[in-house]
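Just so you know, we're using numbering that gives the first Met the number 0 here: the sequence shown kicks off at 0 and counts up by one.
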Amino acid sequence: MLKKILEEFGINASNHQAEQYGFGLINRTWKIHGERDYILQKINTNVFHRPESIIENLLLIQTYLREKYPDYLFVAPLPALSGSSLVITEEGTFRLFPFINDSKSVNEVSTYKQAYEAAKQFGKFTRLLKDFDPSKLKNTLQSFHDLNLRYEQFDKAFELADAAKQKEAEWAIGQVKDHSDILVTYNHLLSSNKLPLRVIHHDAKINNVLFDDDWKGLCLIDLDTVMPGYFISDVGDMMRTYLSPVNENEADLSKIKIDEQCLGAIIKGYMSEMSDELTPFEKEYFIYAGKFMIYMQAIRFLADHLNGDIYYHIDYDGQNLVRAENQLTLLNELIKLEEKIAPITNLTLRSNEV
Ligand code: ADP
Ligand code: GN1
Ligand code: MG
């Protein structure tokens, strides 16, 4: 199946091999081995209805960064023989990237350096684009991180679920309702109009950063959701995916712990790029960002479980409920830590000596 697609990208398929790659929940990824290596991806068009918008955004950003910061490593899609960066066949919609040699990625953070470097990469991306008008970018997913919408979707899924499903997910459903103050704060933030729109990655998971052999951050990948947004999306996703030694798939909830020093590494890494850019108001909501993203992800996994697993790829029945319970446990851990660390984090955030 991939042979024809590779050839449309001008690659001789007979001397290249494809290997399934990555742990994404939405798109499918292959590493293409040959004289040069590539990453080939099939875009999930049930999720991304207008894949051209992704390509348009990436090309706009690539042009801007090439001119202003020619040394910055921005991994843009490669053009196919047709001139477009998308190859659309009956098999689906594909795009190709150069494989960044001597790079590696991880699914969980195991050192503070990884957390620092990854946070720095996300901060740097938003900082370099601070003078780029975010409204030039298309919304590749409408209302993607709109917590009101996500809550409504959860509510609807709950109403439509049968009694057995509701019962099975009772703890998670109760937790989502108990933490609805996070939604109240979100609405307060929106109505304050004090969160500037920035160019935001919107999927700042740890495995969306490539590192070099010495664990220095090399670049960001998985740029489908780069669009206008608020800093809480990226900072929150870092907290969601770097703070615990286990990831969102862990079913043993007792393993979910928050490492305080790792939080310090995220703050230092992100602020090493963004301390002059974030407003004092934004800095006040740094820890809130973690609660916002963890809560939203819990709601999204739970809604998908109640809906019968129509969105996220699952490996076994009930996995989305496990993921939701995992995220709610992480949320409770962060809330426990919040009061204890508030004075320290406020100090670190205000200080420019990061
Ligand atoms: P997904 O949507 O499936 O998460 P990603 O774009 O994040 O897809 O790619 C999956 C994995 O493939 C990444 O975690 C990384 O290990 C690897 N990868 C992706 N793009 C590149 C690239 N250009 N060079 C090297 N490795 C890459
Ligand atoms: C999806 O594609 P992937 O696996 O990087 C999802 C993110 C979630 C993440 C949870 C388009 O990201 O929003 O945070 O799963 N992407 C989309 O792991 O919904
Ligand atoms: Mg990814």
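We put the CB at the ideal spot given by N, CA and C, even for glycine.
Just so we're clear, the structure is a prediction, and the values are computed from it rather than from any experiment.
Rounded straight-line distance, which links the Cα of residue j to that of residue i
| i | j | result |
| --- | --- | --- |
| Tyr311 | Ile340 | 34 Å |
| Ile255 | Leu277 | 30 Å |
| Ala302 | Thr328 | 17 Å |
| Arg299 | Tyr269 | 26 Å |
| Glu324 | Ser253 | 11 Å |
| Leu348 | Lys155 | 39 Å |
| Lys335 | Val86 | 48 Å |
| Thr249 | Arg322 | In the sequence as presented, Thr is not what sits at residue 249; that position holds Glu. Their Cα atoms are separated by approximately 7 Å. |
| Ala17 | Glu90 | 16 Å |
| Ile225 | Phe143 | It should be noted that the sequence gives Val, not Ile, for residue 225. Cα to Cα, Val225 sits roughly 11 Å from Phe143. |
| Asp212 | Asp275 | 30 Å |
| Ile257 | Ile205 | 15 Å |
| Pro186 | Leu196 | What sits at residue 186 in the sequence shown is Asn, not Pro. Each residue's alpha carbon lies about 16 Å from the other. |
Residues that residue i bridges to, as DSSP identifies them
| i | result |
| --- | --- |
| Lys103 | Phe210 |
| Pro50 | Paired residue(s): none; Pro50 is not in a bridge. |
| Glu18 | Lys30 |
| Arg94 | Gln40 |
| Ala218 | According to the sequence as given, residue 218 is Cys; it is not Ala. DSSP lists Leu209 as partners of Cys218. |
| Val86 | Phe93 |
| Pro227 | Val198 |
Contact check, residue i vs residue j, beta carbons under 8 Å
| i | j | result |
| --- | --- | --- |
| Gln326 | Ala288 | no |
| Leu95 | Ala75 | no |
| Leu136 | Pro227 | yes |
| Tyr150 | Leu188 | no |
| Ile25 | Val46 | yes |
| Leu222 | Val208 | no |
| Leu217 | Leu72 | yes |
| Asn106 | Phe22 | yes |
| Ser243 | Met292 | no |
| His201 | Phe124 | no |
8 Å contact criterion, which residue i and residue j should meet: CB distance rounded
| i | j | result |
| --- | --- | --- |
| His304 | Ala203 | Incorrect: roughly 24 Å between the Cβ atoms, too far for contact. |
| Pro50 | Ile42 | 5 Å |
- Task: Check whether the segment 271 to 285 touches the segment 302 to 320, counting contact only when three or more Cβ pairs, one atom from each stretch, lie closer than 8 Å.
- Result: no
- Does the segment 231 to 239 come close enough to the segment 111 to 125 to have 3 or more Cβ pairs within less than 8 Å? yes
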